[in-house]
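To start, the structure itself, in structure tokens.
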Amino acid sequence: MTPSNQELLFVALGGSGEIGMNVNLYGTRGKWVMVDCGITFADPHYPGVDVILPDLSFIEDRLDDLVGIVLTHGHEDHIGALPYLAEDLGVPIYATPFTAGLVRGKLEEERIANAVELKMVDPGRRFAVGPFNFTFVPLSHSIPEANALLIETEDTRVFHTGDWKIDATPVIGNPATGEQLTAIGDTGVDVLVCDSTNVFNPQASGSEGDVRQGLIDTVAAARGRVLVTTFASNAARLSTLGDVARETGRKLCVAGRSLDRILRVARQCGYLTDFPETVDFDAAMRLPRNEVLIVATGGQGEPRAALARVADGSHAIKLDAGDTVVFSSRQIPGNEVAIGRIQNTLAAKGVIMVTERQAHVHVSGHPGRPELAEMYRWIRPDLVLPVHGEVRHLTEHARFAVSQGVPAALAQSNGEIVRLAPGAAQKIGHAPIGRLVLDGDVILPSNGATMNERRKLAVNGQVSVAVALGREGRMIGRPQVRVQGVPVEEDRDAFIADAVDATIEAVKGRNKGERLREDIRLAVRRAATRWTGKKPVVDVLLIEG
Numbered sequence: 001m002t003p004s005n006q007e008l009l010f011v012a013l014g015g016s017g018e019i020g021m022n023v024n025l026y027g028t029r030g031k032w033v034m035v036d037c038g039i040t041f042a043d044p045h046y047p048g049v050d051v052i053l054p055d056l057s058f059i060e061d062r063l064d065d066l067v068g069i070v071l072t073h074g075h076e077d078h079i080g081a082l083p084y085l086a087e088d089l090g091v092p093i094y095a096t097p098f099t100a101g102l103v104r105g106k107l108e109e110e111r112i113a114n115a116v117e118l119k120m121v122d123p124g125r126r127f128a129v130g131p132f133n134f135t136f137v138p139l140s141h142s143i144p145e146a147n148a149l150l151i152e153t154e155d156t157r158v159f160h161t162g163d164w165k166i167d168a169t170p171v172i173g174n175p176a177t178g179e180q181l182t183a184i185g186d187t188g189v190d191v192l193v194c195d196s197t198n199v200f201n202p203q204a205s206g207s208e209g210d211v212r213q214g215l216i217d218t219v220a221a222a223r224g225r226v227l228v229t230t231f232a233s234n235a236a237r238l239s240t241l242g243d244v245a246r247e248t249g250r251k252l253c254v255a256g257r258s259l260d261r262i263l264r265v266a267r268q269c270g271y272l273t274d275f276p277e278t279v280d281f282d283a284a285m286r287l288p289r290n291e292v293l294i295v296a297t298g299g300q301g302e303p304r305a306a307l308a309r310v311a312d313g314s315h316a317i318k319l320d321a322g323d324t325v326v327f328s329s330r331q332i333p334g335n336e337v338a339i340g341r342i343q344n345t346l347a348a349k350g351v352i353m354v355t356e357r358q359a360h361v362h363v364s365g366h367p368g369r370p371e372l373a374e375m376y377r378w379i380r381p382d383l384v385l386p387v388h389g390e391v392r393h394l395t396e397h398a399r400f401a402v403s404q405g406v407p408a409a410l411a412q413s414n415g416e417i418v419r420l421a422p423g424a425a426q427k428i429g430h431a432p433i434g435r436l437v438l439d440g441d442v443i444l445p446s447n448g449a450t451m452n453e454r455r456k457l458a459v460n461g462q463v464s465v466a467v468a469l470g471r472e473g474r475m476i477g478r479p480q481v482r483v484q485g486v487p488v489e490e491d492r493d494a495f496i497a498d499a500v501d502a503t504i505e506a507v508k509g510r511n512k513g514e515r516l517r518e519d520i521r522l523a524v525r526r527a528a529t530r531w532t533g534k535k536p537v538v539d540v541l542l543i544e545g
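Each residue of the sequence shown is one higher than the one before, counting from 1 in full-length UniProt numbering.
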């Protein structure tokens, strides 16, 4: 599909109908531009995989028409796919300095920094990408330089919020004021493409500045070591924790590579310049227990992050009974089990845990209903197009927008091609969508042969059988059997060998080659199913004399 000169099309290839992996396309005058290119993190449905990437085949089939990628901010669900996909897309990436610094580091790690054109644009500056004009509009969020995008074509104006909230006392940055956003609305906005993550929250998210006192009170009340886990990218929270360390007389220790990266890029861009000097792990462990404050990654239960390793005792940072862990972040849906596992491990050690349920130690970076309503009043769009959320979030956001006086709202989902202009917005087609997995160093389809095989192995286990036959079809020796993951604890090999014996005896040399191999495979699988109720993957090595 090629957008005409008068059309403005919108297609979400990720992030609409799910949390994370945000990828949005706008098309006009025969060209497309991409807004954000993020990842999501794998769940147990993807064994052996940590990172999920968007399937960009729709735009990959139109690379001659793609003019650029514009990034709203530096969270992984908005930039995380770029190290793996940007080189093949082959277009410039536009970002503000902090976001560009994070992206550059990722490209360098993948050794493709010289192959990808990264253009830095200052917040508030207007710039052209093909037939689109963009302006970065700073908004509050939990990372520096989060921006909305004012997107202008020849006939249409779109305000694309990215992730945002209203913060009357921001710790980092200078978000646009209500007056400035009202001025944008005064010039006329046709479409508001808006974050839906917290649409069910009846209260505003609250200010980062309000968390400061809650964290000070919590840390001051602790008697042992204190570890605070938060999102590494939340530079405002890092700034707050620097203040907390000073106020409570504790030395600061940082645990986690992503925290080190955020601190480095933030300082390069002029943020966190007054962040306290940190101590290393050994020095932290030598300090009196009530004189150290540790900031660590892993609050979402990530098994290889710092907190998980601290909990299981494999990290240089050690916690014991009477120490405190503060979860200064919300639980991302889907991570409850992983977080609970770490919390149970800590509880077994006698570690005290504090979450946002016990104290005011976290505020969200996304808008609740009062903030959404305020944005509608400032921007006054003709249409709200909800993004960033599951289907229930998007449909509720559409209903809420109309209830607040917005003339129209349209709930869309990944792959639906929406014509925003001219005329009333409508869905006019469907783009192919899907997920890719980063499996080691290889990118694969999420439902391809490799992942489907791995799921079968994870559920049912595997049996390998090696059989040697003489010239007359009689078995030489005993079958060699290897059973993995099949629920048999005793005599694991015997019941399989018996099935092989019976099969070879039954055919009495009539079947050979592939037919005999298949007979043995089916017999072994039937035996395993009869004994265990499972249907394992069965591999047969047949050696015929």
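From the three backbone atoms N, C-alpha and C, an ideal C-beta is built for every residue, glycine too.
**Prompt:** Can V467 and L522 be called in contact, C-beta distance under 8 Å?
**Reply:** For the purposes of this step, residue 467 is identified with residue 467 of the sequence shown, where counting begins at 1. For the purposes of this step, residue 522 is identified with residue 522 of the sequence shown, where counting begins at 1. Going by C-beta atoms, V467 is not nearer than 8 Å to L522.
**Request:** Spell out the partners DSSP gives L9 in its beta bridges.
**Result:** Reading the sequence shown from its first residue, position 9 is the one you call residue 9. DSSP output for L9 lists G27, R419 as bridge partner(s).
**Message:** So, for I339: in the same chain, excluding its five sequence neighbours on each side, which residues have a beta-carbon less than 7 Å away from its beta-carbon?
**Reply:** As a first step, residue 339 is located in the sequence shown; it is residue number 339 there, counting from the start. Once the five neighbours on either side are set aside, the close Cβ partners of I339 are Q300, G301, Q331.
**Beta-carbon gap between L53 and A81 smaller than 8 Å** = Sequence index remark: in the sequence shown, residue 53 carries index 53 (1-based). Sequence index remark: in the sequence shown, residue 81 carries index 81 (1-based). For L53 and A81, yes; Cβs fall inside 8 Å.
**Asked** Count the other CB atoms within 10 Å of the CB of K427; is the residue buried (16 or more) or exposed (fewer)?
**Response** Looking up residue 427 in the sequence shown gives position 427. It is exposed - the Cβ of K427 has fewer than 16 other Cβ atoms within 10 Å.
**Asked** Can you list, in chain order, the residues of its chain whose CB lies under 8 Å from that of D210, leaving out five sequence neighbours each side?
**Response** Counting from 1 along the sequence shown, the entry for residue 210 is found at position 210. Same-chain partners within the cutoff: T169, H360, V363.
**Item:** Endpoints, the beta strand (DSSP E) within which L436 is located
**Value:** Here residue 436 refers to the residue found at position 436 when the sequence shown is read from its first residue. It spans 435-439 - the beta strand (DSSP E) in which L436 sits, taken as one unbroken run.
**Neighbour flag for D77 against chain C, beta carbons, 8 Å** = In the structure shown, chain C cannot be found, because there is only a single protein chain.
**Prompt:** So which of K31, R309, G74 has the shortest CA-CA distance to P3?
**Reply:** As a position in the sequence shown, residue 3 is number 3, starting the count at 1. For the set K31, R309, G74, the Cα lying nearest the Cα of P3 is the one of K31.
**Sequence ranges, alpha helix (DSSP H) only - wholly within the region 134-197, length at least 4** = 178-186
**Request:** Drop a sphere of 10 angstroms on the beta-carbon of H45, count the other beta-carbons inside from all chains shown, and report buried for 16 or more, exposed for fewer.
**Result:** For the purposes of this step, residue 45 is identified with residue 45 of the sequence shown, where counting begins at 1. Counting C-beta atoms within 10 angstroms of its own C-beta, H45 has fewer than 16 neighbours from the protein chains shown and is therefore classed as exposed.
**Message:** Output needed for R341: all residues of its chain with C-beta closer than 8 Å, excluding positions within five of it in sequence on either side, in chain order.
**Reply:** Here residue 341 corresponds to residue number 341 of the sequence shown, with the count starting at 1. Within the same chain, R341 has close Cβ partners G301.
**Request:** Using three-state DSSP, classify I339 as helix, strand or coil.
**Result:** The sequence position of residue 339 within the sequence shown is 339, counting from 1. I339: helix per DSSP, three-state reduction.
**Request:** Indicate the three-state DSSP secondary structure (helix, strand or coil) for T355 in the structure shown.
**Result:** Counted from its first residue, the sequence shown places residue 355 at position 355. Of the three classes helix, strand and coil, the one that applies to T355 here is coil, per DSSP.
**Prompt:** Taking the continuous beta strand (DSSP E) assigned at Y271, which residues delimit it?
**Reply:** Against the sequence shown, residue 271 aligns to sequence position 271. From DSSP, Y271 is part of no beta strand (DSSP E); its letter is neither H nor E.
**Request:** Consult DSSP for I93 and reduce its assignment to one of helix, strand or coil.
**Result:** Start at 1 with the first residue of the sequence shown, and residue 93 comes out as number 93. Looking at I93 - three-state DSSP - the assignment turns out to be strand.
**Message:** Using the Cβ count rule (16 or more neighbours within 10 Å means buried), how would you classify S403?
**Reply:** Locating residue 403 in the sequence shown gives position 403, where the first residue counts as 1. Its Cβ having fewer than 16 others within 10 Å, S403 is exposed.
**Asked** Between E291 and the rest of its own chain, which residues show a CB-CB distance below 8 Å, the 5 nearest in sequence each way excluded?
**Response** Here the question's residue 291 lines up with position 291 in the sequence shown. Cβ within range, chain order: G249, R250, K251.
**Asked** When DSSP builds the beta bridges, which residues end up paired with T324?
**Response** Here the question's residue 324 lines up with position 324 in the sequence shown. Looking at the DSSP assignment, T324 forms a beta bridge with V226, I352.
**Request:** Buried or exposed for E154, please, with buried defined as at least 16 other CB atoms from any protein chain shown within 10 angstroms of its CB.
**Result:** The count along the sequence shown starts at 1 and reaches residue 154 at position 154. Exposed is the call here.
**Request:** Please state whether DSSP places H430 in a helix, a strand or coil.
**Result:** Reading the sequence shown from its first residue, position 430 is the one you call residue 430. Strand.
**Asked** Can you tell which of M1, E7, R261, E179 has its C-alpha closest to the C-alpha of E109?
**Response** Residue 109 sits at position 109 when you count from the first residue of the sequence shown. Residue R261 is the option with its Cα nearest to E109.
**Request:** Please confirm whether I294 and S239 have their CB atoms less than 8 Å apart.
**Result:** What you label residue 294 is simply residue 294 of the sequence shown in a count that begins at 1. What you label residue 239 is simply residue 239 of the sequence shown in a count that begins at 1. No; because the gap between Cβ atoms is not below 8 Å, this pair is not in contact.
**Asked** Quick one, are the C-beta atoms of V384 and L9 less than 8 Å apart?
**Response** Here residue 384 refers to the residue found at position 384 when the sequence shown is read from its first residue. Here residue 9 refers to the residue found at position 9 when the sequence shown is read from its first residue. Between V384 and L9, the C-beta gap is not smaller than 8 Å, which leaves the two residues out of contact.
**Request:** Could you check if I476 is buried or exposed, using at least 16 other CB atoms within 10 Å of its CB as the buried criterion?
**Result:** Taking the sequence shown and counting its residues from 1, one reaches residue 476 at position 476. Counting Cβ neighbours within 10 Å, I476 comes out exposed, since fewer than 16 surround it.
**Request:** Just tell me which of D77, V158, S207 has its CA closest to the CA of P175.
**Result:** The sequence position of residue 175 within the sequence shown is 175, counting from 1. When each option's Cα is compared against that of P175, the closest is S207.
**Request:** Give me whichever residues DSSP pairs with S16 in a beta bridge.
**Result:** As a working note, residue 16 is residue 16 in the sequence shown. DSSP links S16 through a beta bridge to G389.
**Asked** How about S329 and T230: are their beta carbons less than 8 Å apart?
**Response** Here residue 329 refers to the residue found at position 329 of the sequence shown. Here residue 230 refers to the residue found at position 230 of the sequence shown. Against a cut-off of 8 Å, the Cβ pair of T230 and S329 comes out as a contact.
**Request:** Classify V391 as buried or exposed, calling it buried when 16 or more other Cβ atoms lie within 10 Å of its own Cβ.
**Result:** On the sequence shown, residue 391 is found 391 positions in, with the first residue counted as 1. Label assigned to V391: exposed.
**Asked** How many Å lie between L469 and E544 at the Cα?
**Response** Against the sequence shown, residue 469 aligns to sequence position 469. Against the sequence shown, residue 544 aligns to sequence position 544. Whole-angstrom Cα-Cα distance: 5 Å.
**Item:** Cβ neighbours of G101 in the same chain (closer than 7 Å, five flanking residues each side left out)
**Value:** Within the sequence shown, numbered from 1, the residue matching residue 101 stands at position 101. Hits under 7 Å: V265, Q268, C269.
**Item:** For G48 and G214, the rounded distance between their alpha carbons
**Value:** Translated into positions along the sequence shown, residue 214 becomes position 214. Translated into positions along the sequence shown, residue 48 becomes position 48. Rounded to the nearest angstrom, the two C-alpha atoms are 39 Å apart.
**Asked** How many whole angstroms separate the CB atoms of E87 and I39, which I take to be in contact at a CB cut-off of 8 Å?
**Response** Within the sequence shown, numbered from 1, the residue matching residue 87 stands at position 87. Within the sequence shown, numbered from 1, the residue matching residue 39 stands at position 39. Rounded, the Cβ-Cβ distance is 16 Å, inconsistent with contact.
**Prompt:** If you run the structure through DSSP and keep just helix, strand and coil, what is L53?
**Reply:** For the purposes of this step, residue 53 is taken as residue 53 along the sequence shown, with counting starting at 1. L53: strand per DSSP, three-state reduction.
**Message:** My output table needs one value for Q300: the three-state DSSP class, helix, strand or coil.
**Reply:** Stepping through the sequence shown from its first residue, residue 300 is reached at position 300. If DSSP states are grouped into helix, strand and coil, Q300 belongs with coil.
**Message:** At the level of alpha carbons, what is the spacing between G185 and R380?
**Reply:** Taking the first residue of the sequence shown as position 1, residue 185 is located at position 185. Taking the first residue of the sequence shown as position 1, residue 380 is located at position 380. Going by the C-alpha atoms only, they are around 6 Å apart.
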